[in-house]
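Novice:
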Amino acid sequence: MQQEASVRGDQPSKATMEFRQGSAIRQLWETNLEVFQRDKMALFGLFIFAVFAIVAIFAPQIAPNDPLTPLKNNEGDWIKDAMPYWLAEAGEDEAEGYVNNFLLGTTNIGRDIYSQLIHGSRSALLVGFSAAAAVAVIGTVVGLLAGYYGGWVDAILMRAADVAFGIPFIPFIIVISAFLDPSIWNVVVAMAALLWRDTGRVIRSQVLVIKEQAFVSAARVSGASDLRIIFVYIAPSILPLSFLYGSFAIAWAILTEASVSFLGFSDPETISWGFMLQDAFNSLALSREAFYWIVPPGLCIMLTVMAGFFIGRGYEEVLFPRLRRM
Amino acid sequence: MSRGVAFYILGRFLQSVMVLWIIVTLLFLLFRLAPTNPLASYIDTTFTKQQEAALLARFGLDKPLGEQYIIYLVNLLKLDLGDTFSYSGKSVLDLLGADLPNTIYLTLTSLLLAYAVGVLGGIVMAAMRGSMVERVGTTFTLMTRAAPQFWVGMLLLTFFAFQWKLLPSSGIGPPMVRYRWETEWDKLMSPVFWRHMILPTFTLALYLHGLPLLLMRSNMLEVLDQDYVTMSRLAGYSEWRVMIQTAARNAMLPVLTALTLGIGYSIGGNVVIEHVFSWPGLGRTLVRAVQQADYPLAQGAFFLIAVIIVFMNFIADIMYSLLDPRVGASAQAQAS
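Those protein sequences? They're chains B and C, same order as listed. Letter by letter, the first sequence follows residues 10 to 335 of this note's numbering. Letter by letter, the second sequence follows residues 53 to 388 of this note's numbering.
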């Protein structure tokens, strides 16, 4: 998977970032506010996440059935491959001894697809947000330390970034997932281990600019310690940049989790959209043209990934006004 | 080429070798310290202790870790990747050697298609900025980047292979034909092969075109702001000529770098596409090797992909420094 920012030419660092005046917390707040006020698409992205978050939290209440338990008809047989009620022929369900109230039909072993879709939002958001948080935090700290201290600290951290850039991402996750017990957290760990590299590099280059500014020398003269300068004076200025990369990381994490689950390296006890698609693929839903099974999980992945993109682009436009053009 | 640039290239090369060495070491540790016995899938419960020991000795797994590491490095330098556990003990290198061309054909064809469309699309989007076309176009491109590749592949398969039966659904050719291809050249000349390549190529290109398009668009917008573009406008050149000859040429550089990096990352990222279309490439072999706990094969595939990525990163760096005078200058300063 190609990283948006792994391509050097794509990095907004070329453009000069606008620095803001005023207290650290306030400028951070104002930037965030501006992103969502100015950019309607970013606001829309936030809305998508909010809707899916509500669905994820109340999944057991919303989903009509358990996502993993095969449903059975009157005779105790699995209700295999039932069509959605709005597609199925009338009377077919009665003849088979069940009531078809399945919005999206059932799988080849009689699991309710709609309930799986609802529960899938949990894995997506859980992985998306925790991986993004890990990537953003590690990348920010690496960027701050490398940029501020320079010298051997910088050399070691940036060579580590080079190594991270050289490790193939998806193969790495596959190998990690195969060695550890299957769990959705494997993706989070693997992403945290590799993807801090983009954020780290960009933040480092911004820190190089910021540390030459007057307010940093002023802080140093007034006797502030290095750590205080880094985390109290410099960090707030680059935090919006962490949010920018964090938003994109949410999108990549959701896509990556889906890919890994699709390849069959996820926990089969945890329903995710990628797992649903793997299930459909392996049980030949394609040749049966079971669109009601194939389309919905992909659409959900696409929507949540786009939400991450929209928010990331919103930050980009506010932080790098030169890129903004009507 | 000045001495500074030569030093810069040499420095970058040594750095790449170092990076590769560290990756190889991490790979070694990852596979050796794996919680499962690397021979677990190989050793039958009916094996006697002696048979087990003999087997461990055959794979060199009875030696201390340090010695194993040295043997491993020496073997890698000799390009000896060992023998597979599955596939009746065929050599890893032979197996991967057969996969690599398939992966390369798929990757390069998709990338070329994606970058041709992306660059042209980016120019058009920049020229039509603010219009409805641009808004719809960029939204569509964002959607292709957000849609999981395997899902797009599944949808295309459902339509083109299963519903309309226009294209084959998997592999590189029917088994009968495959045995008739004695050389790679025969394969490339075979219409059957290309028919099998259409769907995976299109799926991959659909995903890959987004990056060059968005990149080209934003570079164009940046370049169009420059004085020399305004100058050529004032000089009375047609808008088309300003766009293509003056602006696009200058906006291309980052796109070229992206393409170089893209080759490496795509080869590593094709895993999912190869899986969906059962394309016999590096990625599919890696997935299978991991599933079957065939550690030498998995390790070899991973190593090969990493080598390609590190090499392409190196090339991209060099290209960037040679083509962009500003980077070249700072590179020289860094190297000295």
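Every residue, glycine too, gets a C-beta built ideally from N, C-alpha and C. Treat the numbers as computed from the prediction; the structure is a model and nothing was measured.
Pairs of beta-carbons, one from the stretch 338-347 of chain C and one from the stretch 128-144 of chain C, closer than 8 Å: are there three or more?
Specialist: The answer is yes - the stretch 128-144 of chain C touches the stretch 338-347 of chain C, with three or more Cβ pairs under 8 Å.
Novice: Please list the terminal residues of the continuous alpha helix (DSSP H) segment that includes Lys239/C.
Specialist: The residue you call residue 239/C lines up with position 187 of the second sequence. From DSSP, the alpha helix (DSSP H) with Lys239/C extends over 236-240.
Novice: Interface residues of chain C around Pro69/B at Cβ under 7 Å?
Specialist: Position 60 of the first sequence, counted from the start, is the residue given in the question as residue 69/B. Going along chain C, no residue has its Cβ under 7 Å from Pro69/B, so there is no contact; the nearest lies around 26 Å.
Novice: Does any heavy atom of the ligand FAD sit closer than 7 Å to the C-beta of Ala97/B?
Specialist: With respect to the ligand FAD, the structure shown offers nothing to examine, as it has no ligands at all.
Novice: Would Phe214/C count as contacting chain D if we go by Cβ distances under 8 Å?
Specialist: In the structure shown, chain D does not exist; the protein chains are B and C.
Novice: Consider the Cβ of Thr210/C: report whether some Cβ of chain B lies at a distance smaller than 8 Å.
Specialist: The count along the second sequence starts at 1 and reaches residue 210/C at position 158. Yes - at least one Cβ of chain B is within 8 Å of the one on Thr210/C.
Novice: Along the stretch 179-194 of chain B, what residues have a CB closer than 7 Å to any CB found in chain C?
Specialist: Result list: Ile179, Pro180, Ile183, Val184, Ala187, Phe188.
Novice: Only counting the same chain, and skipping five residues up and downstream in sequence, which positions put a Cβ closer than 8 Å to that of Ala51/B?
Specialist: On the first sequence, residue 51/B is found 42 positions in, with the first residue counted as 1. Here the set comprises Val44, Phe45, Phe319, Ile320, Arg322, Gly323, Tyr324.
Novice: Bridge partners for Ser336/B per DSSP, in chain order?
Specialist: A query on residue 336/B cannot be resolved here, the shown segment of chain B reaching from 10 to 335 and no further.
Novice: From Gln386/C to Tyr60/C, what distance separates their C-alpha atoms?
Specialist: Residue mapping note: residue 386/C aligns to position 334 of the second sequence, counting from 1. Residue mapping note: residue 60/C aligns to position 8 of the second sequence, counting from 1. Residue placement at Gln386/C cannot be trusted, given a pLDDT of 43 that sits under 50; the coordinates are not used to answer.
Novice: Take Phe245/C as the anchor and find which of Thr309/C, Tyr157/C, Thr210/C has the nearest alpha-carbon.
Specialist: The sequence position of residue 245/C within the second sequence is 193, counting from 1. Nearest of Thr309/C, Tyr157/C, Thr210/C to Phe245/C, Cα basis: Tyr157/C.
Novice: Which first and last residues belong to the alpha helix (DSSP H) in which Trp282/B is found?
Specialist: Mapped onto the first sequence, residue 282/B falls at position 273. Run containing Trp282/B: 282-291, per the alpha helix (DSSP H) assignment.
Novice: Check distances from the C-beta atoms of the stretch 355-370 of chain C to those of chain B and list, in chain order, the residues that come in under 7 Å.
Specialist: Answer in chain order: Ile357, Ala358, Ile361, Val362, Asn365.
Novice: Would you mind telling me which residues of chain C sit closer than 9 Å to Asp86/B, beta carbon to beta carbon, in chain order?
Specialist: Mapped onto the first sequence, residue 86/B falls at position 77. Per Cβ cutoff of 9 Å: no residues; Asp86/B is ~27 Å from chain C at best.
Novice: Assuming the contact rule is C-beta atoms closer than 8 Å, Gly137/B and Cys309/B should be a hit. Round their C-beta distance to whole Å, please.
Specialist: Indexing the first sequence from 1 puts residue 137/B at position 128. Indexing the first sequence from 1 puts residue 309/B at position 300. At roughly 12 Å, the Cβ-Cβ gap does not stay under 8 Å, so Gly137/B and Cys309/B are not in contact.
Novice: Which one or two residues does DSSP pair with Trp87/B in a beta bridge?
Specialist: Walking along the first sequence from the start, residue 87/B turns up at place 78. Looking at the DSSP assignment, Trp87/B forms a beta bridge with Lys81/B.
Novice: DSSP three-state label for Thr100/C, please.
Specialist: By one-based count along the second sequence, residue 100/C stands at place 48. Coil, per DSSP.
Novice: For the alpha helix (DSSP H) containing Tyr60/C, name the first residue and the last one.
Specialist: In the second sequence, the residue the question calls residue 60/C occupies position 8. Looking at the DSSP string, the run of the alpha helix (DSSP H) that includes Tyr60/C is 55-84.
Novice: Leaving out five residues before and five after Ala341/C in sequence, what residues of the same chain have Cβ atoms less than 7 Å from its Cβ?
Specialist: Numbered from 1 along the second sequence, position 289 holds the residue referred to as residue 341/C. These residues qualify, in order along the chain: Leu349, Ala350, Ala353.
Novice: As a quick exercise: from Thr208/B, Ile193/B, Leu55/B, pick the residue whose alpha carbon is nearest that of Asp276/B.
Specialist: Here residue 276/B is taken as the residue at index 267 of the first sequence, counted from 1. Nearest of Thr208/B, Ile193/B, Leu55/B to Asp276/B, Cα basis: Ile193/B.
Novice: Examine chain C for any beta-carbon lying closer than 8 Å to the beta-carbon of Ile338/B, and answer yes or no.
Specialist: With chain B running from 10 to 335 in the structure shown, residue 338/B is simply not present.
Novice: Identify, in the order they occur along the chain, each residue of the same chain with its Cβ nearer than 8 Å to the Cβ of Phe211/C, setting aside the five sequence neighbours on each side.
Specialist: By 1-based counting over the second sequence, the position of residue 211/C is 159. Within the same chain, Phe211/C has no close Cβ partners at all.
Novice: State buried or exposed for Ser382/C, treating a residue as buried only when at least 16 other CB atoms are found within 10 Å of its CB.
Specialist: Here residue 382/C is taken as the residue at index 330 of the second sequence, counted from 1. Unreliable positioning characterises Ser382/C in this predicted model, as indicated by a pLDDT of 47, which lies under 50. The coordinate reading is nonetheless provided below. Counting Cβ neighbours within 10 Å, Ser382/C comes out exposed, since fewer than 16 surround it.
Novice: So which residues on chain C does Ser130/B lean against when the C-beta distance must stay under 9 Å?
Specialist: Taking the first sequence and counting its residues from 1, one reaches residue 130/B at position 121. Result: empty, since nearest Cβ-Cβ is about 15 Å, beyond 9 Å.
Novice: How long is the line joining the alpha carbons of Met10/B and Arg197/C, rounded to whole angstroms?
Specialist: For this step, residue 10/B is matched to residue 1 along the first sequence. For this step, residue 197/C is matched to residue 145 along the second sequence. Because Met10/B sits at a pLDDT of 35, beneath the cut-off of 50, its placement in the model cannot be relied upon, and the following sentence gives the value as read from the coordinates. Taking the straight line from one Cα to the other gives about 10 Å.
Novice: For Gly160/B and Leu166/B, what's the separation of their Cα atoms in angstroms?
Specialist: Taking the first residue of the first sequence as 1, we reach residue 160/B at position 151. Taking the first residue of the first sequence as 1, we reach residue 166/B at position 157. Going by the C-alpha atoms only, they are around 10 Å apart.
Novice: Can you list the alpha helix (DSSP H) stretches of 4 or more residues lying completely in the stretch 234-301 of chain C, in chain order?
Specialist: Within the stretch 234-301 of chain C, the complete alpha helix (DSSP H) runs of at least 4 residues are 236-240, 243-260, 262-275, 279-286.
Novice: Asp276/B touches chain C at which residues, Cβ-Cβ below 7 Å?
Specialist: Here the question's residue 276/B lines up with position 267 in the first sequence. Chain C residues near Asp276/B: none, gap ~15 Å exceeds 7 Å.
Novice: Using 8 Å for Cβ pairs, my map puts Leu125/C next to Leu145/C. What's the rounded Cβ distance?
Specialist: Reading the second sequence from its first residue, position 73 is the one you call residue 125/C. Reading the second sequence from its first residue, position 93 is the one you call residue 145/C. So it is not a contact: roughly 16 Å between Cβ atoms.
Novice: Looking at the structure shown, is Ser221/C part of a helix, part of a strand, or coil, going by DSSP?
Specialist: The sequence position of residue 221/C within the second sequence is 169, counting from 1. Here Ser221/C sits in coil by DSSP.
Novice: Specify the secondary structure class of Asp48/B as computed by DSSP and reduced to three states.
Specialist: What you label residue 48/B is simply residue 39 of the first sequence in a count that begins at 1. Here Asp48/B sits in coil by DSSP.
Novice: If you draw a straight line from the C-alpha of Val281/C to the C-alpha of Tyr157/B, how long is it?
Specialist: One-based indexing of the second sequence puts residue 281/C at position 229. One-based indexing of the first sequence puts residue 157/B at position 148. Looking at the two C-alpha atoms, the distance is approximately 38 Å.
Novice: I'd like to confirm the pairing. Which residues does DSSP put opposite Asp207/B in its beta bridges?
Specialist: The count along the first sequence starts at 1 and reaches residue 207/B at position 198. Beta-bridge pairing links Asp207/B to no other residue.
Novice: Comparing C-alpha positions only, which one of Arg168/B, Val196/B, Ile239/B sits nearest to Gly63/C?
Specialist: The residue you call residue 63/C lines up with position 11 of the second sequence. Answer by Cα proximity: Arg168/B.
Novice: Going by beta carbon distance, what residues of the same chain come within less than 6 Å of Val169/C, once the five residues before and after it are set aside?
Specialist: Looking up residue 169/C in the second sequence gives position 117. Closer than 6 Å at the Cβ level, and outside the excluded window around Val169/C, lie His261.
Novice: Strictly under 8 Å for the Cβ-Cβ distance: is Leu194/C near chain B by that measure?
Specialist: As a position in the second sequence, residue 194/C is number 142, starting the count at 1. Yes, Leu194/C lies at the interface with chain B (some Cβ there is under 8 Å from its Cβ).
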